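Visitor: According to this note's numbering, the residues represented by the sequence shown are 6 to 313, in order.
Don't be surprised by glycine CBs; every beta carbon is placed ideally from N, CA and C.
Predicted, not measured: the structure shown is a model, and the values here were computed from it.
One structure, as structure tokens, below. Some questions next.
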Amino acid sequence: MALTLRKFSTPLLILATAVVMLGIFQVQSWGWASLVVLALALIGVRKDSKDISWARFMPVGFVTLLVFYMIYKYAGPLWSTVVGWQTDNIKHYFQWNELFNSIPFNDAAWLRVWQPDWLTGYMQWVYLNGFTLSYWICVIRAFFTKDVKKLALYSLGGYLLQVPLILPFYNTILLQEIWYVQGVPDMLARDLTPAEQYTTAWNCFPSMHTSIAFAAIVLAMREKSRWFRWLIGIYCGSIILSTMYLKIHWVIDVLGGMAFAYGCVKLADLIVKAKFFEKFATRFEAMANKLSGQPANLQMAATKEEEK
């Protein structure tokens, strides 16, 4: 019976992983264009992959991806709850609307000198999808590298650390989107009531669209695949530009988001390199080896080879 389970464990895990990835796609209802970007990111993934078998990686890889998916699935409703709590309870200590609007060039008007319809449409698509897609491109690609530490690094630096660490800024600073402060139409054409406009347009400093996209760029620059580095640089760079082009974030928001992202990536580096995480990863992978049916002597040999 045990041998039969081990024989079919990898195919079953592959099927389960496919179901999880389908769930990831459905959370934001990504269209074909988003899936094309994701597929392009997987080109050349072997250059950054660990030299271990899929049978050995799949148990730990599936569990890791499942945990990140569950966090992602329920993060949206949780964030809405946080915004609702902010609306009812938070009194911002710093009111920055007038200050930011008075700073020359801070509204990035220089980015809108040329506004063809196709460019505006591209920027709208990038902004609306980029918040989550830039993160998941990196996480899913990290999954295909069969590297648990890389999965953790992209997840921590690109999202999991950012959410709790950015809330103190949003809870103390009232800074709203450019279009709202200047009283001009919303370039995203969101059909919002006046009350919805007020809460949708705040939480600007630092720009979290920018911080997630820039964290992806910082981490992607460490990869061997030149194709992936260029793809992430262009796509995530477009996300950062879109926040200013669409009159959403101020230039200082973007600079703050980049600095915030860099700090989160460095903190993620410290966590992943810490002894407690090394011990956790070793035990986690050892558990996966048992599930995959790999003999103990092969497990030890593989572990020593990776340490070299």
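Could you name the residues of the same chain whose beta carbon sits closer than 8 Å to that of S107, not counting the 5 residues immediately before and after it, in chain order?
Guide: Result list for S107: empty, nothing under 8 Å.
Visitor: Any chance the region 21-28 sits against the region 201-215, with 3 or more Cβ pairs inside 8 Å?
Guide: These segments do not touch.
Visitor: If you check the beta carbons only, do V41 and L158 fall under 9 Å apart?
Guide: No, the pair does not count as a contact, with Cβ atoms beyond the cut-off.
Visitor: Who pairs with I178 in a beta bridge, going by DSSP?
Guide: According to DSSP, I178 bridges with F99.
Visitor: Quick check on A306: does DSSP put it in helix, strand or coil?
Guide: Confidence at A306 is low in this model, with a pLDDT of 44, below 50, so the placement of that residue is unreliable and no value is reported for it.
Visitor: Using only the alpha-carbon positions, how far apart do W235 and G49 sit?
Guide: Taking the straight line joining both Cα atoms gives about 12 Å.
Visitor: Do the CB positions of M263 and S216 come within less than 9 Å of each other?
Guide: Yes, the Cβ-Cβ distance between M263 and S216 is below 9 Å.
Visitor: Beta-carbon separation of Y132 and L260 under 9 Å?
Guide: No.
Visitor: DSSP three-state call for D191: helix, strand or coil?
Guide: If DSSP states are grouped into helix, strand and coil, D191 belongs with coil.
Visitor: Is F105 near L193, with beta carbons less than 9 Å apart?
Guide: Not in contact: F105 and L193 (Cβ atoms no closer than 9 Å).
Visitor: Please name the residue, chosen from G66, G36, N208, S139, that lies closest to K151 on a Cα-to-Cα basis.
Guide: Answer by Cα proximity: G66.
Visitor: Let me know if Q167 comes out buried or exposed under the rule of 16 or more other beta-carbons within 10 Å of its beta-carbon.
Guide: So Q167 counts as buried.
Visitor: Could you compute how far the alpha carbon of I178 sits from the alpha carbon of G126?
Guide: Distance between the alpha carbons of I178 and G126: 31 Å.
Visitor: Count the other CB atoms within 10 Å of the CB of T198; is the residue buried (16 or more) or exposed (fewer)?
Guide: The residue in question, T198, is exposed, as its Cβ has fewer than 16 Cβ neighbours within 10 Å.
Visitor: Would you call the CB atoms of N94 and I257 closer than 9 Å?
Guide: For N94 and I257, no; Cβs fall outside 9 Å.
Visitor: If L161 sits next to M249, beta carbons under 8 Å apart, how far is it from one beta carbon to the other, in whole angstroms?
Guide: Not a contact, Cβ separation roughly 27 Å.
Visitor: Give me the Cα-Cα distance between I29 and F136, rounded to the nearest whole angstrom.
Guide: So the alpha carbons of these two residues sit roughly 14 Å apart.
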